[in-house]
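Worksheet: one structure, shown below.
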Amino acid sequence: MPPTAVSSLPSPLTRRPDHVRSLPMTSALPPGDTTSELALLVRTAWAESLGHDDFHDDENFFVVGGHSMCAVRIVRTLKQELGTSLTVRQLFAHPTVSELAAFLAGALPVSDDLGTRAGAGA
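When we follow the numbering used here, the leftmost residue of the sequence shown carries the number 100, and every step to the right adds one.
Structure follows, in structure tokens:
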């Protein structure tokens, strides 16, 4: 069957808004501040999935426009970036950028790509 005009249109679920595409997935923060670096990664993943960055770190995921499909994209992005086994259920249990970053800081191995976890004694 030949493609139709409708099937060739970009889907809002597969295309990032232009203002979000340029957000970096890496941090310019000094090593050792893992929770802050994780907050930046979480915030970036949220912005990419939600299509906007008009939220604060203590705002609830659902209040700022999050839904299950956004959650799936965020979890997939963070799994790829961090190599963690984060689940959608865990994101729902930690529904703010700050809470999710703190949860991830406790769930990541001590020697990770973000540097040594705070309080690990290095």
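C-beta: ideal position from N, C-alpha, C; glycine also.
Under the rule that 16 or more other beta-carbon atoms within 10 Å means buried, what is residue i, buried or exposed?
i	result
ARG142	buried
GLY165	buried
PHE154	buried
VAL162	exposed
Between residue i and residue j, is the Cβ-Cβ spacing less than 9 Å?
i	j	result
THR183	ALA146	no
LEU181	LEU203	yes
ASP156	VAL196	yes
CYS169	LEU149	yes
LEU185	VAL174	yes
LEU177	ALA144	yes
Those runs of the beta strand (DSSP E) which lie wholly inside the region 134–208 and span at least 3 residues:
Fully contained in the region 134–208 is no beta strand (DSSP E) run of length 3 or more.
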